[in-house]
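What follows is a single structure, written as structure tokens, with notes after it.
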Amino acid sequence: MAGVAVVFLPSGMKKSGTQPMPTDDWGPITGWVADTAGYPGSVVVGTTKNGLKALADKTSAKVVAAMPFTDATTGFGGATQLQARLRVNSKIVATIDTPVEGPSGTLSISATWDIAVGDVVTVEALASVSLGGSEGTILAGGYVRII
1 MAGVAVVFLP SGMKKSGTQP MPTDDWGPIT GWVADTAGYP GSVVVGTTKN GLKALADKTS
61 AKVVAAMPFT DATTGFGGAT QLQARLRVNS KIVATIDTPV EGPSGTLSIS ATWDIAVGDV
121 VTVEALASVS LGGSEGTILA GGYVRII
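Written out as structure tokens, the structure reads:
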């Protein structure tokens, strides 16, 4: 019996709730929910709901993330510097080269990557805070997508 070809469907997840920016080291952004209304191939995995699982292969897929943040205040040594990076499984595929400064804005990042069925896309962030400043908070409403 011949196998049934699995067709790639765009997938996405939306940030649910808020999360303080990680400060000591790169940390995962967690608490995502599947965006099945806009992206029918969406499945969120992981005990902390931090991964978007690909259900089919896609050559040169666009992997994108955008995460709004607020309250990243300036300290005595300058503005809080925020960064994000994308991972496909354990491999880092993109990092924001120039940190974004607070107090508010959006961390946006993208990569073109060959996605295989079962791959998991995650996003991590890091805030570098000057003495007296604050790391900021990732807000609800951000997204990660495989398109």
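In our numbering, the protein residues as written are 1 to 147.
Backbone N, C-alpha and C define an ideal beta-carbon position, used for all residues, glycine too.
Item: PRO103 versus THR70 - alpha carbon distance; Value: 6 Å
Item: Residue nearest to GLY46 in terms of C-alpha spacing, selected from ASP57, THR74, ASN89, GLY77; Value: ASN89
Item: Through-space distance from THR137 to ASP131, alpha-carbon basis; Value: A small fix is needed here, since residue 131 is Leu in this sequence, not Asp. Taking the straight line from one Cα to the other gives about 17 Å.
Item: Chain-order list of residues whose beta-carbon lies under 8 Å from that of ALA94 (same chain, five-residue window excluded); Value: VAL63, ARG85, LEU86, ILE109, SER110, ALA111
Item: C-beta atoms of ALA61 and LEU107 nearer than 9 Å; Value: no
Item: SER128, enclosing beta strand (DSSP E) - first and last residue; Value: 120 to 128
Item: Beta-carbon spacing of ALA125, GLY17 below 9 Å; Value: no
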